[in-house]
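What follows is a single structure, written as structure tokens, with notes after it.
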Amino acid sequence: MSMIEIKNLHKYFGELEVLRGIDLTVSESEVVCLIGSSGSGKSTLLRCINFLEEKNEGEIYIDGQMVTAKEINEIRQKVGMVFQRFNLFPHMTVLQNVMEGPITVKKMDRKKARELAMTLLEKVNLLDKANEYPAMLSGGQQQRVAIARSLAMEPKVILFDEPTSALDPELVGEVLGVMNDLAKEGRTMIIVTHEMGFAKEVADRVIFIHEGLIAEEGTPEDIFDRPENERLQNFLGQILV
Amino acid sequence: MDAVINNSIEFFKTVVEFAPKFIPGVILTLQLAFFSIILGMIIGLVVAVLKLTKYKWLKKTMDVYITIVRGTPLLLQLYFIFYGLPSLGIMIDAFPSAIIALALHNGAYISEIFRGSIESIDYGQREAARSLGMTKWQAMKRVVLPQAFKRSVPALGNQFIIAVKDSSLASVITITETMLLARQFSAATFNVFPIYFTAGVYYLIITMGLTKVLSQVELKLKVNER
Numbered sequence: 001m002s003m004i005e006i007k008n009l010h011k012y013f014g015e016l017e018v019l020r021g022i023d024l025t026v027s028e029s030e031v032v033c034l035i036g037s038s039g040s041g042k043s044t045l046l047r048c049i050n051f052l053e054e055k056n057e058g059e060i061y062i063d064g065q066m067v068t069a070k071e072i073n074e075i076r077q078k079v080g081m082v083f084q085r086f087n088l089f090p091h092m093t094v095l096q097n098v099m100e101g102p103i104t105v106k107k108m109d110r111k112k113a114r115e116l117a118m119t120l121l122e123k124v125n126l127l128d129k130a131n132e133y134p135a136m137l138s139g140g141q142q143q144r145v146a147i148a149r150s151l152a153m154e155p156k157v158i159l160f161d162e163p164t165s166a167l168d169p170e171l172v173g174e175v176l177g178v179m180n181d182l183a184k185e186g187r188t189m190i191i192v193t194h195e196m197g198f199a200k201e202v203a204d205r206v207i208f209i210h211e212g213l214i215a216e217e218g219t220p221e222d223i224f225d226r227p228e229n230e231r232l233q234n235f236l237g238q239i240l241v
Numbered sequence: 001m002d003a004v005i006n007n008s009i010e011f012f013k014t015v016v017e018f019a020p021k022f023i024p025g026v027i028l029t030l031q032l033a034f035f036s037i038i039l040g041m042i043i044g045l046v047v048a049v050l051k052l053t054k055y056k057w058l059k060k061t062m063d064v065y066i067t068i069v070r071g072t073p074l075l076l077q078l079y080f081i082f083y084g085l086p087s088l089g090i091m092i093d094a095f096p097s098a099i100i101a102l103a104l105h106n107g108a109y110i111s112e113i114f115r116g117s118i119e120s121i122d123y124g125q126r127e128a129a130r131s132l133g134m135t136k137w138q139a140m141k142r143v144v145l146p147q148a149f150k151r152s153v154p155a156l157g158n159q160f161i162i163a164v165k166d167s168s169l170a171s172v173i174t175i176t177e178t179m180l181l182a183r184q185f186s187a188a189t190f191n192v193f194p195i196y197f198t199a200g201v202y203y204l205i206i207t208m209g210l211t212k213v214l215s216q217v218e219l220k221l222k223v224n225e226r
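Chains as they are written, first to last, in UniProt numbering: chain A, 1 to 241; chain B, 1 to 226.
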């Protein structure tokens, strides 16, 4: 069953056409990695899926429901988002950050939300930091809290927008580790990443985006070992030195 | 030398004599400052949030309000409400007039303080909140405003101190607050210096107390920073 279905998606920033007709279907439990050089439109595509950017043309269905501006709050509860710069709420403790969504949006009982948050913090190995504020945590820890925060809404899909790009190299592993666990649980994930090793290991499908179009897609083996598109070959050549 | 000592003794005698007589005026000053700050904060918050809505006419209305208040003297605003409105058939007593004028005046400045601090909050905060499924208003209330408020405390403190001092202008619409009392006492005794000195000390005590409270608040709000 398809969890996400995108049809002919176009997005303009002023005169510039960033997405030039994207068609993409992601099935349940599938892990899709989006790769491509900066400015290719991969982050914009991700942000269009939960309406952080308003699309100009095309249709997006999530779990069979069409994404429109009207029902966006409802749709967003089904779609988790993890940002490059974490965007934790600095005025709340780690625990409060994770509880915030369930309490404010789902009107979950505080005690229940707390239990849920504790379980999730345990999952990302940060139970001992529950009562600290984000400013006291390392980047890797902050990003793991951000993942726990999006999991707290029990989303059907999680979107990752370059989740390790703002991290020190030695902290990348812990975040990828958590994401790997999520993939193994069978969660549907779309990941914009520059971590080719990770994409190779975790992705069911890798999509190469170039100038607002899907230039090539396939299994990690297809993409990394037998790239056909010349642009993709150049791109891989540049980063896999 | 003796003259200096004698004059100083006279000076402090007058200060001690008149200090208690200022109390009713100081209480009025405190009341004016308190209500105009509280109401000014409420007005400021509402105006700042309304200015961020997508409705153009609301935005424009708020701009007109801010422009008028900031562009005319407070003295004129007080005259307008107390002496001007009655000619339109609107009669308001002196004390509520003063509160209204001061609150509207502070509200305009405070709204700009709030707007600045709201806009200084990283856009990613709003995106993170919205991506959890929060409505615009929930994101504002739960995520943006608490952070914006913290950032606005230093500028607010400034405005509060100005509000305390501006309350002295209420004397022109017959409110016998500290400055009007000082004027009356000095007119009655011709003893200008010690009396205005006493009034000045009272203002300093109020503003220094206020500064102290505000720095405590600031410290308390900083717990979540490294």
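Glycine residues also receive a C-beta, built at the ideal position from the N, C-alpha and C atoms.
If one requires a minimum length of 3 residues, no beta strand (DSSP E) run lies completely within the segment 95-153 of chain A. For A/Leu52, the closest Cβ of chain B is nearer than 8 Å.
Within the segment 108-136 of chain A, those residues whose Cβ lies closer than 9 Å to any Cβ of chain B are, in chain order, Tyr133, Pro134, Ala135, Met136.
Listed by position along chain B, the residues whose Cβ is nearer than 7 Å to that of A/Met81 are Ser131. Contact of B/Val143 with chain A by beta-carbon distance below 7 Å involves Phe89.
The DSSP-derived three-state label of B/Met91 is coil. B/Lys54 counts as exposed, since fewer than 16 other C-beta atoms from the protein chains shown sit within 10 angstroms of its C-beta. Contact annotation for B/Gly200 against chain A: no contact, minimum CB-CB distance about 39 Å [criterion: below 9 Å]. Neighbours of B/Pro146 across chain A, judged by C-beta separation under 8 Å: His91. When Cβ pairs closer than 8 Å are counted between the two stretches, the segment 70-89 of chain B is seen not to touch the segment 139-154 of chain B, the count staying below three. The bridge partners DSSP lists for A/Thr25 are A/Glu5. In the assembly as shown, B/Arg115 is a buried residue. Its beta-carbon has 16 or more other beta-carbons within 10 Å. Nearest CB-CB separation between A/Gln77 and chain B: below the 8 Å threshold. C-alpha of B/Phe197 to C-alpha of B/Ile206: approximately 14 Å in a straight line.
At a cut-off of 8 Å between beta-carbon atoms, B/Gln184 makes no contact with chain A.
Chain-order list of chain A residues neighbouring B/Glu127: Arg47, Leu52, Met81, Phe83, Asn87, by C-beta distance under 9 Å. By the Cβ neighbour-count rule, B/Val47 is buried, with 16 or more other Cβ atoms within 10 Å of its own. Counting only the Cα atoms, B/Phe22 lies some 11 Å from B/Val16. Residue contact with chain A for B/Glu225: present (Cβ-Cβ distance below 8 Å to some residue of chain A). The Cβ atoms of B/Leu39 and B/Ala98 do not sit closer than 8 Å to each other. Per DSSP, reduced to three states, the secondary structure at A/Gln84 is coil, with no helix or strand assignment.
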